[in-house]
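Asks:
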Amino acid sequence: MTATTALPLAMTEAARDEQASRADFESFYLRTARVLHGYLCRLTGDHATADEVLQEAYIRMINASVMEEGHRKAYLYTTATNILRDRWRKQKREREWSELSQPETSVRQNLGLSLDMAAVLDRLTAQERAVLWLAHVEEMSHKEIGAILNVKEQSVRVIVFRARENAKKLLERAGFRGSHE
Amino acid sequence: MSNSDKNDVQFDSLIKQMAQDHQAQLPEPGIIWWRAQILKKQADKERIERPLVFMRLAAPTICVVVVLGFLLAAWKQAQPATNEAHVSFLMPLLVISALACALLLGLLAWSPASKT
């Protein structure tokens, strides 16, 4: 094979590889973006910030070295959470991560279950919201959550339990009685 | 199933329902892909140009250091010549040139192009 034919062939192969990577990314994005956006919205309480962090996290994932499907989601959540924490640190709002959000807003009652749930989560700390989302929506193990949030596995277990109990109490106060009625 | 377990299941379904109900105007994946490609190319360009930027600053600095070294080494031989009236006008010119060189070096170091 001469150099003149080898070069276009290599270019065609590179273009084909890029096309495949792009298609792979698009399908992964369509599977994961809405849920990740929900996670970021719950953490930030702000759609615009969630949009920005979401895009940045996906861009970093694309430009990171190729990884397995199973690791990509963990990488995405870790990156998004770290971007958010960096932003908060820059805004000197790091304490919000582990402190309670403003309690003056009362939980809205009977405006639809998901709305109630959103209002309940808004009254938890950002860390509690994150663990609840990762544990219940993404169904991640305590080990995976610990890796994403940079917290020990044992601590995750405690945080999940405490967050769930707090959320249940808030739901009950909002009028949701659960199964014991 | 105990009440506590039932509550856990209900809580789980509530939070999942909330996640499902989440509405978002997400950007097209193609846009994110192209943004990533552009940023990657920019980063590659910066990496490739780094030695050039370094050389652009290093070359004039080395030149100035060599010339100054040469002048200092040859200062004793040059001094009698500069004292003569017909070359004394060169001194202010040399000082002005040295200041201009320093200014240019400063500009080179400061310019945005050198930071890319």
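Residue numbers (this note's numbering), protein chains in the order written: chain A, 948 to 1128; chain B, 253 to 368. Every residue, glycine too, gets a C-beta built ideally from N, C-alpha and C.
Give the secondary structure of isoleucine 257/B by DSSP, where H, G and I count as helix, E and B as strand, and everything else as coil.
Replies: In the sequence as displayed, the identity of residue 257/B is aspartate instead of isoleucine. Helix at aspartate 257/B.
Asks: Listed in chain order, which residues of the stretch 995-1009 of chain A have Cβ atoms closer than 9 Å to some Cβ of chain B?
Replies: Of all residues in the stretch 995-1009 of chain A, Ala997, Asp998, Leu1001, Gln1002, Tyr1005, Ile1006, Arg1007, Met1008 and Ile1009 have a Cβ within less than 9 Å of some Cβ in chain B.
Asks: When burial is assigned at 16 or more other CB atoms within 10 Å of the CB, is isoleucine 267/B buried or exposed?
Replies: That one is buried.
Asks: Can you look up serine 1012/A in the DSSP assignment and give me helix, strand or coil?
Replies: Coil at serine 1012/A, not helix or strand.
Asks: Within its chain, find whatever has a CB closer than 8 Å to the CB of tyrosine 1022/A; leave out the 5 residues flanking it on each side and keep chain order.
Replies: Met1008, Ala1011 and Met1014, listed in sequence order.
Asks: Give a yes or no on whether the minimum CB-CB distance between glycine 992/A and chain B is below 8 Å.
Replies: Taking Cβ atoms only, chain B never reaches closer than 8 Å to glycine 992/A, which makes this a no.
Asks: Measure from the alpha carbon of tryptophan 1035/A to the alpha carbon of each residue in Thr996/A, His1018/A and Leu1071/A, then state which is nearest.
Replies: Of Thr996/A, His1018/A and Leu1071/A, the residue nearest in Cα terms is Thr996/A.
Asks: Between alanine 361/B and valine 347/B, what straight-line distance do the alpha-carbon atoms span, to the nearest angstrom?
Replies: If you take the alpha carbons of alanine 361/B and valine 347/B, they lie about 21 Å apart.
Asks: Whole alpha helix (DSSP H) runs in the stretch 284-337 of chain B with 4 or more residues, listed along the chain?
Replies: DSSP runs (the alpha helix (DSSP H)) wholly in the stretch 284-337 of chain B: 327-335.
Asks: Classify serine 1097/A: buried if its beta carbon has 16 or more other beta carbons within 10 angstroms, exposed otherwise.
Replies: Contrary to the premise, residue 1097/A reads as asparagine rather than serine in this sequence. By the 10 Å Cβ count, asparagine 1097/A comes out exposed.
Asks: Where does glutamate 1003/A sit, in a helix, a strand or coil, going by DSSP?
Replies: Helix at glutamate 1003/A.
Asks: Is the beta carbon of isoleucine 1006/A closer than 8 Å to that of arginine 299/B?
Replies: Cβ atoms of arginine 299/B and isoleucine 1006/A: not closer than 8 Å.
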